[in-house]
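Some notes on the structure that comes next.
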Amino acid sequence: MLNETMMALGKTRSVIRDIFEYGNKRKAEIGAENVFDFSLGNPSVPAPACVNEAIRDLLAEKPDIYLHGYTSAQGDAGTRGAIADDLNRRFGTNFRADNLYMTCGAAASLRITLGAVICQGEEVLTPAPFFPEYRVFAESAGAVFNPVLCDKDTLQLDLDAFRAAIGPKTKAIILNSPNNPSGVVYTTESIKKLADLLREKEKEYGTVIYLIADEPYRELVFDSSLEVPYLTKYYADTIVCYSFSKSLSLPGERIGYVLVPDEAASAGDVYAGICGAGRALGYVCAPSLLQHVIERCVGQVSDLEAYRKNRDLLYGALTEYGYSCVHPDGAFYLFVKALEEDAGAFCEKAKEQELLLVPSDSFGMPGYVRISYCVSEEQIRRSLPAFRALAESYRA
2 MLNETMMALG
12 KTRSVIRDIF
22 EYGNKRKAEI
32 GAENVFDFSL
42 GNPSVPAPAC
52 VNEAIRDLLA
62 EKPDIYLHGY
72 TSAQGDAGTR
82 GAIADDLNRR
92 FGTNFRADNL
102 YMTCGAAASL
112 RITLGAVICQ
122 GEEVLTPAPF
132 FPEYRVFAES
142 AGAVFNPVLC
152 DKDTLQLDLD
162 AFRAAIGPKT
172 KAIILNSPNN
182 PSGVVYTTES
192 IKKLADLLRE
202 KEKEYGTVIY
212 LIADEPYREL
222 VFDSSLEVPY
232 LTKYYADTIV
242 CYSFSKSLSL
252 PGERIGYVLV
262 PDEAASAGDV
272 YAGICGAGRA
282 LGYVCAPSLL
292 QHVIERCVGQ
302 VSDLEAYRKN
312 RDLLYGALTE
322 YGYSCVHPDG
332 AFYLFVKALE
342 EDAGAFCEKA
352 KEQELLLVPS
362 DSFGMPGYVR
372 ISYCVSEEQI
382 RRSLPAFRAL
392 AESYRA
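Numbering of the sequence shown is given in the working numbering, commencing with residue 2 and proceeding in unit increments.
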């Protein structure tokens, strides 16, 4: 007898990956230039120059055991110290190296964190729309996973819905801002109100409710005057999960961290639980070479101008053609209302125009599609007639 749950996960790919693989097949059949694949959040902007420079310098300067050997299980102390210093400079915090645990990207950060704080049967909430793998991470950690719908007009947090959803078994809330799939940045006002609500509920139930900040898109914001609230400043019981996949365009390198502030409830025990969950899940240490690269490149960000141009081009064209979409302030996604009730059927019809879009059912808000615009500007321009034709087919 095998683990039925794991077999089911292995036999059924995520809808995003399924469409991506379909796109690869179509590109082989009709040519990549004829397929408009908007499925995967795979950064198209090159990594900052410092990344390749750091790799070259490290290879030239350091012995193999430093580059490729084990680091401490929680990560190289110099790397963790450099990240803490950068966060303190940017956000006025007081973190130390010992607040950080290096991981293989945000997915590992989230799964490790949930493994550390969740007891069997406790509840994890998240605003919907949400990244579909949250459900996998939470349920595999033994949690009951429940989405809480955002305001349908703005896709901002619905505080009344959260008040109704939080109960005595609620142990954690995963918050992702800028949001995947909507690109919405949750406002400082809404974060303050959520923090007040969580403190109220902690007192009411005599429990701790952890706010897990999933932050791979933090730096991907196109208006420099827009604040992405740093959650530890508003709510003490916050744990930060971060990935450099998007900010440094390194999704395949799998490098990130978990941050446990001293102010969080039972912070020492939580950190020990993080280390224990990493051990139980088989994470000996994050990739050594990439840790050393991060130490030299922390604080750098890929050039976001291409993403801003892509957003403006695609958002402007689609709204002109009659599509409806909340304007995204960050990340690199549009969350567009499907032109029929069934988003899956809409995506199948889009394939007739060789448009590969992701239906929203697994994101917890049916009736929409996610369009990932971290592609070349040329692909977007070539795809516009297909988007227009798709809209016109519904009007006809």
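Every residue, glycine too, gets a C-beta built ideally from N, C-alpha and C.
Below 8 angstroms CB to CB, which residues in the same chain sit around Y316 once its five sequence neighbours on both sides are set aside? On the sequence shown, residue 316 is found 315 positions in, with the first residue counted as 1. Correct list, in chain order: C326, H328, P329, L335.
Residue from S110, L251, A307 with nearest C-alpha to E415: Outside the displayed range of the chain (2 to 397) lies residue 415, so it cannot be described from this structure.
Cβ contact (3+ pairs, closer than 8 angstroms) linking the region 205-217 and the region 167-178: yes
Span of the beta strand (DSSP E) around S373: Taking the sequence shown and counting its residues from 1, one reaches residue 373 at position 372. That run of the beta strand (DSSP E) goes 369-373.
Those residues which DSSP pairs with V359 across a bridge: Working through the sequence shown from its first residue, we reach residue 359 at position 358. Paired residues: R371.
With distance defined between alpha-carbon atoms, name the residue in S191, D270, S250, A287 nearest to Y235. Indexing the sequence shown from 1 puts residue 235 at position 234. The option with the nearest alpha carbon to Y235 is S191.
Measuring alpha carbon to alpha carbon, tell me which of F223, C242, I213, R136 ends up nearest S303. Within the sequence shown, numbered from 1, the residue matching residue 303 stands at position 302. That would be F223, whose Cα lies nearest to the Cα of S303.
Who does L260 pair with in a DSSP beta bridge? Within the sequence shown, the letter at position 259 stands for residue 260. Looking at the DSSP assignment, L260 forms a beta bridge with L101, V241.
Could you spell out the range, first to last residue, of the alpha helix (DSSP H) harbouring F388? Stepping through the sequence shown from its first residue, residue 388 is reached at position 387. Note, F388: alpha helix (DSSP H), 378-396.
With distance defined between alpha-carbon atoms, name the residue in Y284, D58, P179, D263 nearest to G257. Mapped onto the sequence shown, residue 257 falls at position 256. Checking every option, the nearest Cα to that of G257 belongs to Y284.
Cutoff 6 angstroms; reference R1; Cβ partners in own chain excluding five residues on either side: Past the edges of the chain, shown from 2 to 397, lies residue 1, and the structure says nothing about it.
Between the CA atoms of R297 and F245 - distance to the nearest angstrom: As a first step, residue 245 is located in the sequence shown; it is residue number 244 there, counting from the start. As a first step, residue 297 is located in the sequence shown; it is residue number 296 there, counting from the start. About 13 angstroms.
Which same chain residues, not among the five before or five after L291, have their C-beta less than 7 angstroms away from its C-beta? Numbered from 1 along the sequence shown, position 290 holds the residue referred to as residue 291. Only E254, I256 meet the Cβ criterion.
Which one of I119, A129, L156 has the shortest CA to CA distance from F138? One-based indexing of the sequence shown puts residue 138 at position 137. F138 has its Cα closest to that of I119, out of I119, A129, L156.
Exposed or buried, A117, counting other C-beta atoms within 10 Å across all chains shown (16 or more means buried)? For the purposes of this step, residue 117 is taken as residue 116 along the sequence shown, with counting starting at 1. Buried, since its Cβ has 16 or more Cβ neighbours within 10 Å.
Short Cβ contact (8 angstroms threshold) for S45 with I20: Working through the sequence shown from its first residue, we reach residue 45 at position 44. Working through the sequence shown from its first residue, we reach residue 20 at position 19. No.
4-residue-minimum alpha helix (DSSP H) runs that sit fully inside the region 77-154, ordered along the chain: 78-92, 106-118, 134-141
Do you know whose CA, among N311, M366, L391, P386, lies nearest Y374's CA? As a first step, residue 374 must be located in the sequence shown, where it is residue number 373. Of N311, M366, L391, P386, the residue nearest in Cα terms is N311.
Leaving out the 5 sequence neighbours to the left and right, which residues in its chain are closer than 6 angstroms to F92 when beta-carbon positions are compared? Translated into positions along the sequence shown, residue 92 becomes position 91. Cβ neighbours of F92 beyond the five flanking positions: Y231.
Starting from the Cα of A107, find the closest Cα among K247, S226, E264 and give me that residue. Start at 1 with the first residue of the sequence shown, and residue 107 comes out as number 106. Among K247, S226, E264, the Cα nearest to that of A107 is on K247.
For A422 versus A78, is the C-beta distance shorter than 8 angstroms? Nothing in the structure corresponds to residue 422, since the chain is present only between 2 and 397.
Simplified DSSP assignment, three categories, for V185: The residue labelled residue 185 in the question sits at position 184 within the sequence shown. In the structure shown, V185 sits in coil (DSSP, three-state: anything other than H, G, I, E or B).
Across which residues does DSSP place D215 in a beta bridge pair? Taking the first residue of the sequence shown as position 1, residue 215 is located at position 214. The partner list for D215 (beta bridge, DSSP) reads N177, C242.
How about G345: is its C-beta nearer than 8 angstroms to some C-beta of chain C? No chain C is present in this structure, which holds just one protein chain.
Looking only at its own chain, which residues have a Cβ that is under 8 angstroms from the Cβ of A390, when we skip the five neighbours before and after it? Stepping through the sequence shown from its first residue, residue 390 is reached at position 389. Cβ neighbours of A390 beyond the five flanking positions: Q354.
Spatial distance of N35 from K28 (CA atoms): For this step, residue 35 is matched to residue 34 along the sequence shown. For this step, residue 28 is matched to residue 27 along the sequence shown. Each residue's alpha carbon lies about 7 angstroms from the other.
Collapsed DSSP secondary structure at K172 in the structure displayed: The sequence position of residue 172 within the sequence shown is 171, counting from 1. Three-state result, K172: strand.
Compute the Euclidean distance between the alpha carbons of K63 and S289, then round it to the nearest angstrom. In the sequence shown, residue 63 corresponds to position 62, counting from 1. In the sequence shown, residue 289 corresponds to position 288, counting from 1. Using only the alpha carbons, I get a separation of about 12 angstroms.
Residues of its chain near A142, where Cβ-Cβ distance is below 6 angstroms and the 5 sequence neighbours each way are ignored: Stepping through the sequence shown from its first residue, residue 142 is reached at position 141. L115, G116, I119, listed in sequence order.
Give the DSSP-derived three-state secondary structure of V209 in the structure shown. On the sequence shown, position 208 is the one that residue 209 refers to. It is coil, neither helix nor strand.
Among Y187, L251, V16, which one has its Cα closest to the Cα of I295? Walking along the sequence shown from the start, residue 295 turns up at place 294. Closest option to I295, Cα to Cα, is L251.
Specify, as a first and last residue, the run of the beta strand (DSSP E) that D338 falls within. For this step, residue 338 is matched to residue 337 along the sequence shown. Note on residue identity: the sequence assigns Lys, not Asp, to residue 338. Unbroken beta strand (DSSP E) run through K338: 334-338.
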